[in-house]
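Student: I'd like to ask you about the structure that follows.
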Amino acid sequence: MQAHQRMLDPTPNGLHSGESPLLQTLGLTKRYGDFLANDSIHIDIWPKQIHALLGENGAGKSTLVKAIYGLIQPSAGEIRWQGQTIVLSGPSEARSRGIGMVFQHFSLFDNLTVAENVALGLDGKESFKDMSARLEQVSKTYGLPLDPKREVWQLSVGERQRIEIVRALMQDPKFLILDEPTAVLTPQEADQLFVVLERLKAEGRAILYISHKLEEVKRLCDTATILRGGKKVDTCNPRLETAASLARMMVGGEIKEVKAAAGRKTTVPRLVVNDLSLAPSEPHGVRLEHISFELKGGEILGIAGVAGNGQDELFAALSGERLSKDPGTVVIEGIAAGHLSITQRRKLGAAFVPEERLGHGTAPRMKLSENALLTGHAASGMVHRGFIDTAATLKTVDRATETFDVRKAKRDPEAASLSGGNLQKFIVGREILRNPAVLVVSQPTWGVDAGAAAVIRQALLDLATAGAAVLVTSQDLDELAEIADRIAVMFHGHLSAPLATADATREKLGLLMGGSSLEPKEAAHAVGA
Amino acid sequence: MELIEAIILAVLAASTPLLIAATGELVTERSGVLNLGVEGMMIVGAACGFGGAWLTGSIFIGALFGIVAGTLMSLVFALMALGLAVNQVATGLALTILGVGLSGLIGAGFVGERITPAAHLYIPGLTDIPLIGRVLFGEDAFVYFSLALIVGIWWFLYRTRAGLILRACGDNHVSAHALGYPVLRIRTFAVMFGGGCAGLAGAYLPLAYTPFFIPGMTAGRGWIALALVVFSSWRPGRLVVGAYLFGAVTILQLHAQGWGVGIPSQLMSALPYLATVIVLVLLSRARTGGSTAPAALGTVFVPDR
């Protein structure tokens, strides 16, 4: 309890929270060349409040928090801290003033221990021994257990985030910034995080909370500031809004609703996986353990799970990036394909969309037409007697552009010049235009704006309606609920039995994502028999 | 008895330049920078070190000249690879080519000259103990310095906060930057330290090993030092073992050739390299997990501001 008292903010700011904000940005502007990442943004942060920062990718959220944390210098405008104008020379000055930050892509060091990682985020005024003792105390106080001696690469994503949060809390911050903290957590882990955040708020701290998950924001946050295209659109009370009205403010218009066509019929099995086991190819990889499922034409199977539980390995085994010794483990269109190369699998009618757009889905510095050729050379008539049919490759680009509304500066630009959403539309379009019998797609709308995400999800549904078998791996449970017919969960290289989407509640999926079994009765029965 | 003592002394002398140069490169690589220019920095250090000693008559000033020359060479690398974010492999190779040419130019006037080599320690009584006396108490200052250096670097890397920050930059420069550490400044210091060590290691050759300068006298030792860093899996303790093992195999194969062992001399000369390969394979098989190399090694970092 005493430890808890020490964590309290000594200034009774919470009582006078009506008077002066803890932190203010006034006309904050950040310019990169001609591009305005932040355009005179005004935001007030009050103590004892959880303040949501909403916006699509590229709306300027990251730029704003980087400026507040001293990582970048604003081009114009000022930052006021407790009423005083400040210029932050860097993150260490921000930390010493009481601003803490939990990064979306963790700022951790894989080959260092937990304690070393925490020490690097502090100013080093106390000895390593004292710091370790305090680390233990803080993690106990807030119910965030950590083993200080383990190296980070051995830890799960949830544990890694705990390090980030404990590290920030050890500075006893008055103001804590969290960038998409729940993106990588199971629903249960997210609930635990909310308990910690409520407690920090009750202690008088201010929190700036960046998230895409609007239901979460409505539940947790007291205020929301919405950014669009680098400008502040509005500040509102999210509890008085609906998720749809918040989304409208973020996008600046209606989002097309994704609709499944009625009367979709499932046909013959087009992708079958039989008892697929595969040793990892990398030292920190996951071993696939006896994975089996059957996917019929006209059906969408969703694979949920926390990142790093074998989804990448499964994708590699299905696409042919990694071969299996037993051909019968992967069957495409009735033909054993476990030993076949990517090209041979494409010729059987399969198409693949990997998670990483730049570097895996496309060659970043090559033109779109060349990228179309890279996956279409085997089965799409773009090569004649060893020569590239340039007109055919350009036509593919044009068709993908037209069908999927890909916005680009010229007819055939480099892949890297497209925004994430537009490039993803191109990649998905390129594969769908080949009329695949089987489409395996990983994280189809990761980091894609809401408008493009709706287009992509609709395309996947339409493809299934046309009779193809679609396998979607995603961390976004809402996305899977929207488009999948059945959902299975990956955990430590095992794949659960698929649940019909109607039965797949967040609670059930969350349990599976955490490695629990849904049917303890069955195990007991087996023992009894 | 005398032969064994002579062999041990020769091994220590052959290993010392490798140990000094590899220690510098270990620190550079731990910060995440791959500087393949060790050979070039060494040879310039050798030419300048000999020149300094020959002009002033002082081995100590010669050694300082070597350190300064190596550091200046490494600053060229730092300007290119860190300041201008040029590919590190290409820059390092260019630095070696530059160094070999430059050392020929600098050393041209000194070829054929001789100096008095570095004095060896002599403590009456202790140094006269048979077998171990000269080995422990009769070395030149470079040998003792190299051992103090590697112990000091171990302590720095694993027991000081500055060392922790340096390792952090080598593991993940994006995270280090996000936490507010000046990645490029830290790396520049690490590169300069590596250059200074390489220069000193080069200077050791004409100042203590053979008391004259000839062009190309480093004879690939810079490359061996680079291999030793990998061999040590970036750990100071293993680096000492590796450097002495390599020195030992080099000397033993010379003696084996002298004894007339019926194996072609070319094969014997290849032994040290073969030993390196075998140990590398064994080490990588024994690895249990975690990456041994600094994760950010050789990657370009440009902070956004």
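Chains as they are written, first to last, in this note's numbering: chain A, 1 to 529; chain B, 530 to 834. Each residue gets a CB set at the ideal place from its N, CA and C atoms; glycine is no exception.
Can you check whether the CB of A/LEU246 is closer than 8 angstroms to the CB of A/LEU64?
Tutor: In the first sequence, the residue the question calls residue 64 of chain A occupies position 64. In the first sequence, the residue the question calls residue 246 of chain A occupies position 246. Contact flag unset, no.
Student: Compute the Euclidean distance between the alpha carbons of B/ARG663 and B/GLU531, then round it to the nearest angstrom.
Tutor: Within the second sequence, the letter at position 134 stands for residue 663 of chain B. Within the second sequence, the letter at position 2 stands for residue 531 of chain B. Using only the alpha carbons, I get a separation of about 11 angstroms.
Student: So, does the CB of A/ALA115 fall closer than 8 angstroms to a CB anywhere in chain B?
Tutor: On the first sequence, position 115 is the one that residue 115 of chain A refers to. Chain B, which has no Cβ nearer than 8 angstroms to the Cβ of A/ALA115, makes this no.
Student: What does the Cβ neighbour count give for A/LYS367, buried or exposed, with the cut at 16 atoms within 10 Å?
Tutor: Position 367 of the first sequence holds residue 367 of chain A. By the 10 Å Cβ count, A/LYS367 comes out buried.
Student: Over the uninterrupted alpha helix (DSSP H) stretch that includes A/SER292, give me the two end residues.
Tutor: Counting from 1 along the first sequence, the entry for residue 292 of chain A is found at position 292. Careful: A/SER292 lies outside any alpha helix (DSSP H), inside the beta strand (DSSP E) at 288-296.
Student: What residue ranges within the segment 415-452 of chain A form continuous beta strand (DSSP E) runs of no fewer than 3 residues, ordered along the chain?
Tutor: Runs found: 438-442.
Student: Report yes or no: do the segment 642-653 of chain B and the segment 729-737 of chain B share at least 3 C-beta pairs separated by less than 8 angstroms?
Tutor: Yes, the segment 642-653 of chain B is in contact with the segment 729-737 of chain B.
Student: How would you write the range of the alpha helix (DSSP H) that B/SER632 sits in, first residue to last?
Tutor: Stepping through the second sequence from its first residue, residue 632 of chain B is reached at position 103. Per DSSP, B/SER632 belongs to the alpha helix (DSSP H) from 617-636.
Student: Residues of chain B with CB under 8 angstroms from A/GLY90, in chain order?
Tutor: One-based indexing of the first sequence puts residue 90 of chain A at position 90. The answer, in chain order, is GLY709.
Student: In the DSSP assignment, what residue or residues form a beta bridge with A/ALA500?
Tutor: As a working note, residue 500 of chain A is residue 500 in the first sequence. Bridge partners of A/ALA500: A/ARG486.
Student: Give a yes or no on whether 8 angstroms exceeds the smallest Cβ distance from B/ARG690 to chain A.
Tutor: Stepping through the second sequence from its first residue, residue 690 of chain B is reached at position 161. Yes - at least one Cβ of chain A is within 8 angstroms of the one on B/ARG690.
Student: With the cut-off set at 8 angstroms, would you say A/TRP446 and A/GLU313 are in Cβ contact?
Tutor: Taking the first residue of the first sequence as position 1, residue 446 of chain A is located at position 446. Taking the first residue of the first sequence as position 1, residue 313 of chain A is located at position 313. No, they are not a contact pair.
Student: Can the beta-carbon of B/ARG559 be found less than 8 angstroms from the beta-carbon of B/LEU686?
Tutor: Translated into the one-based positions of the second sequence, residue 559 of chain B becomes position 30. Translated into the one-based positions of the second sequence, residue 686 of chain B becomes position 157. Yes, they are a contact pair.
Student: Under 8 angstroms Cβ-Cβ, which residues of chain A neighbour B/ILE694?
Tutor: Within the second sequence, residue 694 of chain B is the residue found at index 165, counting from 1. Those are LEU120, listed as they occur along chain A.
Student: Using the C-alpha atoms, what's the distance from A/ALA454 back to A/THR501?
Tutor: The count along the first sequence starts at 1 and reaches residue 501 of chain A at position 501. The count along the first sequence starts at 1 and reaches residue 454 of chain A at position 454. When rounded, the distance between both Cα atoms is 19 angstroms.
Student: Could you tell me which whole alpha helix (DSSP H) segments of length 4 or greater appear in the segment 146-194 of chain A?
Tutor: Runs of the alpha helix (DSSP H) inside the segment 146-194 of chain A: 157-169.
Student: Any Cβ of chain B within less than 8 angstroms of the Cβ of A/LEU23?
Tutor: Numbered from its first residue, the first sequence carries residue 23 of chain A at position 23. By this cut-off, A/LEU23 is not an interface position.
Student: If you compare alpha carbons, which of A/PRO181, A/GLY302, A/LEU288 and A/GLY60 is closest to A/ALA317?
Tutor: Position 317 of the first sequence, counted from the first residue, corresponds to residue 317 of chain A. Among A/PRO181, A/GLY302, A/LEU288 and A/GLY60, the Cα nearest to that of A/ALA317 is on A/LEU288.
Student: Could you pull the start and end residues of the beta strand (DSSP E) that A/LEU278 belongs to?
Tutor: Walking along the first sequence from the start, residue 278 of chain A turns up at place 278. Run containing A/LEU278: 269-278, per the beta strand (DSSP E) assignment.
Student: Using a Cβ-Cβ distance cut-off of 8 angstroms, determine whether B/SER560 contacts chain A.
Tutor: Within the second sequence, residue 560 of chain B is the residue found at index 31, counting from 1. Not one chain A Cβ lies under 8 angstroms of B/SER560.
Student: For the ligand MG, I want to know if B/SER603 counts as a neighbour, meaning its beta carbon is within less than 7 angstroms of at least one of the ligand's heavy atoms.
Tutor: For the ligand MG, the structure offers nothing, since it holds no ligand at all.
Student: So which residues on chain B does A/SER107 lean against when the C-beta distance must stay under 9 angstroms?
Tutor: As a first step, residue 107 of chain A is located in the first sequence; it is residue number 107 there, counting from the start. By Cβ distance, chain B contributes ASN701, VAL703, SER704, ALA705, HIS706, ALA707 and LEU708.
Student: Measuring only the C-alpha atoms, how far is A/SER75 from A/ARG31?
Tutor: Counting from 1 along the first sequence, the entry for residue 75 of chain A is found at position 75. Counting from 1 along the first sequence, the entry for residue 31 of chain A is found at position 31. Straight-line Cα distance between these residues: approximately 6 angstroms.
Student: Name the residue from A/LYS256, A/LYS259, A/GLY338 and A/ARG365 whose alpha carbon lies nearest to the alpha carbon of A/LEU278.
Tutor: Counting from one through the first sequence, the residue named residue 278 of chain A turns up at place 278. For the residues A/LYS256, A/LYS259, A/GLY338 and A/ARG365, the minimum Cα distance to A/LEU278 belongs to A/GLY338.
Student: Residue ranges of each alpha helix (DSSP H) run of no fewer than 4 residues wholly in the segment 640-698 of chain B, ordered along the chain?
Tutor: You should have 662-666 and 670-688.
Student: Check the Cβ-Cβ distances between B/ALA550 and every residue of chain A, and say whether any is below 8 angstroms.
Tutor: Within the second sequence, the letter at position 21 stands for residue 550 of chain B. Output row for B/ALA550: interface = no.
Student: Taking only runs that begin and end inside the segment 719-789 of chain B, name each unbroken beta strand (DSSP E) of 3 or more residues, in chain order.
Tutor: Listed in chain order, nothing qualifies, since the segment 719-789 of chain B has no complete beta strand (DSSP E) run of 3 or more residues.
Student: Determine the direct distance from the alpha carbon of A/THR393 to that of B/TRP683, and round the result to whole angstroms.
Tutor: Mapped onto the second sequence, residue 683 of chain B falls at position 154. Mapped onto the first sequence, residue 393 of chain A falls at position 393. Rounded to the nearest angstrom, the two C-alpha atoms are 57 angstroms apart.
Student: Using the DSSP secondary-structure output, state which residues sit across from A/ARG228 in a beta bridge.
Tutor: For the purposes of this step, residue 228 of chain A is taken as residue 228 along the first sequence, with counting starting at 1. Paired residues: A/LYS231.
Student: Less than 6 angstroms between C-beta atoms, sequence neighbours within five positions excluded: which residues of the same chain meet that for A/GLY230?
Tutor: On the first sequence, position 230 is the one that residue 230 of chain A refers to. Taken in chain order, the residues that qualify are LEU36, ALA37, ASN38, ASP39 and GLY60.
Student: Give me, in chain order, the residues of the same chain whose beta-carbon lies closer than 6 angstroms to that of A/TYR142; leave out the 5 immediate sequence neighbours on both sides.
Tutor: In the first sequence, residue 142 of chain A corresponds to position 142, counting from 1. Only VAL196 meet the Cβ criterion.
Student: Return no unless some Cβ of chain B is closer than 8 angstroms to the Cβ of A/MET513.
Tutor: For the purposes of this step, residue 513 of chain A is taken as residue 513 along the first sequence, with counting starting at 1. False, the Cβ-Cβ gap to chain B never drops below 8 angstroms.
Student: For the segment 46-89 of chain A, list the beta strand (DSSP E) runs that are entirely contained and at least 3 residues long, ordered along the chain.
Tutor: Listed in chain order, the complete beta strand (DSSP E) runs (minimum 3 residues) inside the segment 46-89 of chain A are 50-54, 76-81 and 84-86.
Student: Alpha carbon to alpha carbon, what distance is there between B/SER603 and B/VAL567?
Tutor: Along the second sequence, one-based indexing puts residue 567 of chain B at 38. Along the second sequence, one-based indexing puts residue 603 of chain B at 74. About 9 angstroms.
Student: Is B/THR545 helix, strand or coil when you go by DSSP?
Tutor: Taking the second sequence and counting its residues from 1, one reaches residue 545 of chain B at position 16. B/THR545: helix per DSSP, three-state reduction.
Student: Quick check on the DSSP output: the beta strand (DSSP E) that includes A/THR29 runs from which residue to which?
Tutor: Numbered from 1 along the first sequence, position 29 holds the residue referred to as residue 29 of chain A. It spans 23-32 - the beta strand (DSSP E) in which A/THR29 sits, taken as one unbroken run.
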